[in-house]
Amino acid sequence: MDVKSAFLNGFLQEEVFVEQPKGFVDAHHPNHVYRLKKALYGLKQAPRAWYERLTQFLVDNNYTRGSVDKTLFIKRDNDELFIAQIYVDDIVFGSTNNTKVQQFVDVMSLEFEMSLVGELSYFLGLQIRQMHDGIFITQAKYAKNLVKKFGLEKAKHCDTPMSTTLKLSKDASGTKRILRSPTSLRVKRIIRYVNGTSNYGIWYSFDTNASLVGFSDADWAGNCDDRKSTSGGCFFLGNNLVSWFCKKQNSISLSTAEAEYIAAGSGCTQLLWMKQMLVDYGFNQGTLTLFCDNMSAINISKNPVQHSRTKHIDIRHHFIRELVENKCIVLEHVGTNDQLADLFTKPLDATRFKTLSRSIGICLVE
């Protein structure tokens, strides 16, 4: 659903004045200005004014705003659920009952000028195919345009985006900007990988449960310049991948255990946020499970005793101990071969890369 001229529906709370447009100047008051009552495109206040107008309208019609995501609106009626996700002037909505969908369309059409685009198939660069047993999401169009932009449509494909033997390092001098530089070759390798996997996407199966689990991992001192570690994590609702991250840590870790412990802390924050969000959808989670492949990091989270090897760790990373003690989250050990988050921390060989990619739901659907 698309709202036509959405920003023009917002009411301004501030005093905003505009000059008289050329060709429409009042001959009797040429120096007067207009005071705006409603928003115009180009005003900094316009997006906020539109959002407040839409929010107030939906709340007045018994739709509840999400507690975590303020652009999510929910309406429950016994076992029936309706949800609407707002993105500027685009609204994605659905329900367990088609009657609720039609009611929403009727209510919105009475207040705003709307255009319906049918079943969701393209949104924010994502191509979405809805099937009887699941949903397949890909970015084939974006990927092909990216490859075409760099003129590498006929280049040889790569099995992995990065080589396991080459390490990226900072170019302080700027001398490696020539075309034959290793930096240029590495970027081309990524584009060649994208070219070979442009039609791949993530499969979301309907045949799954609603349990939330996560995997966290770290590549200790993987950065060649500052020796900082990289945290990686992926999170599943049942068997479906719903979130992931890859981020360089802010501090230097003195051991693998410390790097894994910090990565686990980042995974815990993501799990807690997702747990709160799922409450709005009607899914209440109990104790959450985070899988980690480092026993030392797991033991640090369970043991509150100060130790010479851990006393230097910033206190903000130790909140994981409280979560474990209160049984909000339990850290479970997983073997290195089964650590799915390994995919988000460092370059892997082709066999390992493809195995983990398939495990998190990346596939090709004809």
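In terms of UniProt numbering, the sequence shown opens at residue 1 and continues consecutively.
Built from N, CA and C at the ideal position, the CB exists for glycine as well.
The model shown is predicted, which means the values in this text are computed figures rather than measured ones.
- Item | Nearest to M295 (by Cα), restricted to the options G265, I320, C328 and G335 | G335
- Message: When you compare the CB positions of N198 and V147, do they come within less than 8 angstroms of one another, or not?
- Response: The residue asked about is misnamed: residue 198 is Ser in this sequence, not Asn. Taking 8 angstroms as the Cβ cut-off, S198 and V147 qualify as a contacting pair.
Worksheet item: Thinking C-beta only, is V101 closer than 8 angstroms to G94?
Response: yes
| field | alpha helix (DSSP H) segment containing N145, residue limits | value | A140 to K149
message = Can you look up C224 in the DSSP assignment and give me helix, strand or coil?
response = coil
D77 by DSSP, collapsed to three states: which one?
strand
### Query
Relative to the C-alpha of C363, which residue among W203, F245, G265 and S253 is closest?
W203
Quiz prompt | C-alpha gap between E14 and A6, whole angstroms | solution = 19 angstroms
For this session: Taking 8 angstroms as the cut-off, decide whether the C-beta atoms of T345 and C268 are in contact.
Result: no
Anticipated Cβ contact below 8 angstroms, V16 with Q45, distance rounded: 7 angstroms
Per DSSP, what are the beta-bridge partners of E126 in this structure? One detail in the question is off: residue 126 reads as Leu in this sequence, not Glu. According to DSSP, L126 bridges with F123.
- Could you tell me whether the region 218-228 touches the region 272-289, where touching means 3 or more Cβ pairs closer than 8 angstroms? no
Around the C-beta of M131, are 16 or more other C-beta atoms found within 10 angstroms, so that it is buried, or is it exposed?
-> exposed
Open item on the list: Is it the case that the region 19-38 contacts the region 236-244, given that we only count it when at least three CB pairs across the two stretches are under 8 angstroms?
Closed with: no
Give the single residue among F291, K275, N61 and R352 whose Cα lies nearest to the Cα of Q285. K275
| said: Less than 8 angstroms between C-beta atoms, sequence neighbours within five positions excluded: which residues of the same chain meet that for K327? | reply: T287
| When you compare each of Q127, R321 and Y142 to V365 by their alpha carbons, which one comes out closest? | Q127
### Query
Span of the alpha helix (DSSP H) holding L331?
Careful: L331 lies outside any alpha helix (DSSP H), inside the beta strand (DSSP E) at I329 to H333.
Review point. In the DSSP assignment, what are the bridge partners of V84?
Key: Per the sequence presented here, residue 84 reads as Ala, with Val not at that position. Paired residues: F73 and F93.
Quick one: residues in its chain with C-beta nearer than 8 angstroms to the C-beta of Y193, no 5 flanking neighbours on either side, listed in chain order?
H157, C158, D159, T160 and P161
Quiz prompt | Inter-residue Cα distance where the pair is W220 and C292 | solution = 14 angstroms
| A155: which of S216, I137 and K188 sits nearest, CA to CA? | K188
**Item:** Expected contact under 8 angstroms - CB spacing of T164 and D349 to nearest Å
**Value:** 6 angstroms
7 angstroms Cβ shell around N209 - same chain, five flanking residues per side excluded:
G238
Next on the checklist: Between which two residues does the beta strand (DSSP E) holding K248 run?
Outcome noted: N240 to K248
_By the DSSP assignment, the alpha helix (DSSP H) with F215 in it spans what residues?_
Here F215 belongs to no alpha helix (DSSP H); instead the beta strand (DSSP E) covers L212 to D219.
Which residues share a DSSP beta bridge with C158? According to DSSP, C158 bridges with nothing at all.
Nearest-angstrom Cα distance between Y142 and D2? 22 angstroms
Quiz item: Where does V279 fall in DSSP's three states?
Solution: helix
For I360, which three-state DSSP category applies? coil
inquiry  = Using the three-state DSSP reduction, which class does T351 fall into: helix, strand or coil?
reply    = helix
Would you identify the three-state DSSP class for E325, choosing helix, strand or coil? helix
* **Rounded C-alpha distance that separates G361 from Y41** => 41 angstroms
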